[in-house]
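Structure record follows, encoded as structure tokens.
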Amino acid sequence: MLGTLALAVALLLTACGGNQSSNATLVMASSGPWTQWQWNPWTTVFPGAAGGFIYLPLAVQDWPNLTSFTPMLASSWSVQGDKLLVKLQPNARWQNGQPVTSTDLIDTLYLYGADGAPVWADIASVSAAGQKEVALTLRKGVPMVLLENNLFNGIIPFPSSVWGKYVTPSLKADVIAYNNLAATDPNAAASSAANQGLAAVFQKVAKVAPSTPIGDGPYKLAGITTQEVRLIKWDGYYDAKSITIPQISFLGLAQPDVNAQLLSGRADFSSGWLYMPPTIVQRWNHTQDAHLLSVPGTFQAQVIFNDTQYPFTDTTVRQALAYAFPLQKMNQLAWGNISPHAVYPQIPDGLTPKVADQFLTQSQLSSLNTYSYDPSKADQLLTSAGFQKKNGEWYMPNGKQLTLALSIDAAWTDQVAALKVAASTLSSIGIQSTLTTVEDATYVQDLHSGNFQVATYCCAGGSPDPLTDFAASPMGSLENYTTYGNNKGQHGIGFGPTADVPGLGTVNVPETLDAEANGVGPGSQMKDLTWDWAKFVNQQVPYLQYTNFANQIAYSTSNFDWPKTSNQTWVNINSGNYAVILEQENGSLHPK
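Its first residue numbered 184, the sequence shown is counted upward by one per residue in this note's numbering.
Here it is, written out as structure tokens:
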């Protein structure tokens, strides 16, 4: 039904001249349909993808550069001592005509603070330095670049005229008190009166239901259904003269319908979580005016072991299984070889290739295990761990047969195909394996509670900060011995938590990673720590990185001139919506 309705919308646009230069409607097709929506940024039904044209971030990261950003709502920023001074675009206005001011950003920061935004781990306070300038005071010991990353990547300002009423003196005091305590004792902060006060305010904020968005971006809302967001150019935008596309039809579809819209010529563009199966890639590559980019390594997926269960407590067994998983075959059969959606990791080191290349030397990388599929090495390692192979089947030292129960989220349809290949291959070499798909909400809870044997985890990685990547990996506190939040006390994958890390000695792995991610900036220390953790992940195999996902970008030049595929914007601005805005502003995207 969804695909039929979306198709009808697109046909109507085309019939009305939607893709012709006279009307110049850019039709975007995006996977992930929304069955309901709410113009409240602090709810789970906020249509954030389309909202990227309505609300501007302060800046966007020039991925994968950790220290470079492209300004958007912030015209510039500078460092003065322990303060980051952020200047807003002087002519920026909200779509109700009011100017965008420092009050909007400050109120937004406090509301994000009530929601646990990482930026508050970096700052001690925030204040106005003028009508269009905000000063953020750095918390002692935190590198400025970490603040810049959490601010520009995590904060989108919203109008104080809508949300300022909830930013009371008591809310401000609770945000400061909670984060001051969390900096030294996360457990105490979680049970504090300040946290209870923040939760009470946030419950009120989450119930607010604005009838329409009041944005500050180049487009404003013209209409919305469960299949389409219609956007029209807003002439009050501070750089409206550069916006050459007057209308955008943003279609939210199931993935097969996204592919159908592109192949039929009804959609001009799709980016983000675009997944074209190999057969569709072949068709797209033979379609007139069609282009497909695959920006590699934006995030990754891992095979995780329940390390509280034998035999996964044994490092040698985890290494043997790393050689037994046919990573290249899994990736090729599930995602193809031509402009693929995912690429197997030639060196499973816990990092995406673009990030690894910036922090690790070729000599370091060449010294690590590739874990290329090698049943003979798997056999040798299992044998050294006391396992025996009888009649083609592997048995553990206790005499019981070695069997693997693989599980995966049923919603990850492309990854299901990869895991089917894994289960079949493992069984063929004597490690009898079964694959079970699990409903999404149950699956997430199973990972936290440790109710699995071997599972898949998606998705982590892709930050330009390698220590943040390691902290967000399955061995970090999000999925491993969680010490705070809703999953406090659950062991997750159950790795360690204490282990001997090269260069660091015996440490608590999740706690150490959290501290390093929140306290180490670019430089020799970050490079040294990156190498320590890359060796650890590669040699101890707390999890097995099995694919590096790519950001597929499909576009047609039938109706619009786009930047050439060699244009760095496609790589650096790792968001399709922001790229569309910035490419118009630099003159490289416009109707024919």
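Ideal placement from N, C-alpha and C gives every residue a C-beta, glycine not left out. None of the values given here were measured: they were computed from a predicted structure.
Checklist entry - Cα-Cα, which of 684, 698, 743 is closest to residue 721? => result For the purposes of this step, residue 721 is taken as residue 538 along the sequence shown, with counting starting at 1. The shortest Cα separation from residue 721 among 684, 698, 743 belongs to 684.
Next on the checklist: Helix, strand or coil, according to DSSP, for residue 205 in the structure here?
Outcome noted: In the sequence shown, counting from the first residue as 1, residue 205 sits at position 22. Any reading at residue 205 is ruled out, since the residue's pLDDT is 40, under 50, leaving its predicted position unreliable.
Next on the checklist: As a quick exercise: from 325, 758, 336, 663, pick the residue whose alpha carbon is nearest that of residue 292.
Outcome noted: Taking the sequence shown and counting its residues from 1, the one referred to as residue 292 is at position 109. Residue 336 is the option with its Cα nearest to residue 292.
Item to check | Cβ shell of residue 528 (< 6 Å), same chain only, five flanking positions each side left out | outcome: What you label residue 528 is simply residue 345 of the sequence shown in a count that begins at 1. Once the five neighbours on either side are set aside, the close Cβ partners of residue 528 are 728, 731.
Next on the checklist: Assuming contact is defined by CB atoms lying nearer than 8 Å, are residue 440 and residue 741 in contact in what I supplied?
Outcome noted: The residue you call residue 440 lines up with position 257 of the sequence shown. The residue you call residue 741 lines up with position 558 of the sequence shown. No; because the gap between Cβ atoms is not below 8 Å, this pair is not in contact.
Checklist entry - Expressed to the nearest angstrom, what Euclidean distance is found between the alpha-carbon atoms of residue 327 and residue 560? => result If you number the sequence shown from 1, residue 327 lands on position 144. If you number the sequence shown from 1, residue 560 lands on position 377. Spanning the two alpha carbons is a distance of roughly 46 Å.
Checklist entry - Between 633, 576, 662, 454, which lies nearest to residue 215 when the distance is taken from Cα to Cα? => result As a working mapping, residue 215 is identified with position 32 in the sequence shown. Closest option to residue 215, Cα to Cα, is 454.
Item to check | Within the segment 481-508, ranges of the beta strand (DSSP E) (whole runs, at least 3 residues) | outcome: Whole beta strand (DSSP E) segments, 3+ residues: zero.
Checklist entry - By Cβ distance below 7 Å, which residues in the same chain neighbour residue 750 in space, the five residues on each side in sequence not counted? => result For the purposes of this step, residue 750 is taken as the residue at position 567 of the sequence shown. Within the same chain, residue 750 has close Cβ partners 771.
Checklist entry - Given a threshold of 16 other Cβ atoms within 10 Å of its Cβ, counted over all protein chains shown, does residue 782 qualify as buried or as exposed? => result Only positions 184 to 775 of the chain appear in this structure, which leaves residue 782 out of reach.
Checklist entry - Looking at C-alpha atoms only, which residue of 464, 539, 562 is the closest neighbour of residue 502? => result Your numbering for residue 502 matches position 319 in the sequence shown. Residue 562 is the option with its Cα nearest to residue 502.
Checklist entry - Does the distance from the CB of residue 736 to the CB of residue 478 come in under 8 Å? => result Counted from its first residue, the sequence shown places residue 736 at position 553. Counted from its first residue, the sequence shown places residue 478 at position 295. For residue 736 and residue 478, yes; Cβs fall inside 8 Å.
Checklist entry - Exposed or buried, what is residue 204 when buried is set at 16 or more other beta-carbons lying within 10 Å of its beta-carbon? => result The residue you call residue 204 lines up with position 21 of the sequence shown. Caution is warranted here: a pLDDT of 40 is assigned to residue 204, below 50, making its placement in the model unreliable, and the coordinate value is therefore given only provisionally. When all chains shown are included, residue 204 counts as exposed.
Checklist entry - Who are residue 474's beta bridge partners in DSSP? => result Within the sequence shown, numbered from 1, the residue matching residue 474 stands at position 291. DSSP lists 738 as partners of residue 474.
Item to check | Same chain only: Cβ atoms within 8 Å of residue 274, ignoring 5 sequence neighbours per side | outcome: On the sequence shown, residue 274 is found 91 positions in, with the first residue counted as 1. Annotation for residue 274: 421 place their beta carbon closer than 8 Å to its own, counting only its chain and skipping 5 residues before and after.
Checklist entry - Whole-angstrom Cβ separation of residue 305 and residue 321, contact assumed at under 8 Å? => result What you label residue 305 is simply residue 122 of the sequence shown in a count that begins at 1. What you label residue 321 is simply residue 138 of the sequence shown in a count that begins at 1. So it is a contact: roughly 7 Å between Cβ atoms.
Item to check | Other residues of its chain near residue 266: CB distance less than 6 Å, five sequence neighbours each side excluded | outcome: Residue numbering aside, residue 266 sits at position 83 when the sequence shown is read from its first letter. Excluding residues within five positions, the ones whose Cβ falls inside 6 Å are 318, 320.
Checklist entry - Excluding five sequence neighbours on each side, which residues of the same chain lie with their C-beta closer than 8 Å to the C-beta of residue 279? => result Position 96 of the sequence shown, counted from the start, is the residue given in the question as residue 279. Within the same chain, 342, 344, 397 come within 8 Å of residue 279 by CB-CB distance, once the 5 residues on both sides are set aside.
Checklist entry - Which value, in whole angstroms, describes the spacing of the CA atoms of residue 591 and residue 417? => result Along the sequence shown, read from residue 1 onward, the residue named residue 591 stands at position 408. Along the sequence shown, read from residue 1 onward, the residue named residue 417 stands at position 234. Residue 591 and residue 417: Cα-Cα distance of roughly 44 Å.
Checklist entry - Can residue 165 and residue 446 be called in contact, C-beta distance under 8 Å? => result Because the chain is modelled from 184 through 775, residue 165 falls outside the range shown and cannot be assessed.
Next on the checklist: DSSP three-state label for residue 350, please.
Outcome noted: Within the sequence shown, numbered from 1, the residue matching residue 350 stands at position 167. If DSSP states are grouped into helix, strand and coil, residue 350 belongs with coil.
Checklist entry - Who are the Cβ neighbours of residue 702 in its own chain at under 7 Å, not counting the five residues just before and after it? => result Within the sequence shown, the letter at position 519 stands for residue 702. Non-local beta-carbon contacts of residue 702 in its own chain, meaning distances under 7 Å to residues more than five positions away in sequence, involve 324, 325 in chain order.
Checklist entry - Of all the options 246, 217, 227, 207, which has the alpha carbon lying nearest to the alpha carbon of residue 754? => result On the sequence shown, residue 754 is found 571 positions in, with the first residue counted as 1. When each option's Cα is compared against that of residue 754, the closest is 246.
Checklist entry - With a Cβ-Cβ cutoff of 8 Å, do residue 674 and residue 597 count as a contact? => result Taking the sequence shown and counting its residues from 1, the one referred to as residue 674 is at position 491. Taking the sequence shown and counting its residues from 1, the one referred to as residue 597 is at position 414. Their beta carbons are not under 8 Å apart, which means residue 674 does not touch residue 597 by this criterion.
Checklist entry - Of all the alpha helix (DSSP H) runs that stay within the bounds of the segment 556-627, which reach a length of 4 or more residues? => result Within the segment 556-627, the complete alpha helix (DSSP H) runs of at least 4 residues are 558-567, 596-611.
Item to check | Endpoints, alpha helix (DSSP H) assigned at residue 268 | outcome: As a first step, residue 268 is located in the sequence shown; it is residue number 85 there, counting from the start. For residue 268, no alpha helix (DSSP H) run applies; the uninterrupted beta strand (DSSP E) run containing it begins and ends at 266-271, by DSSP.
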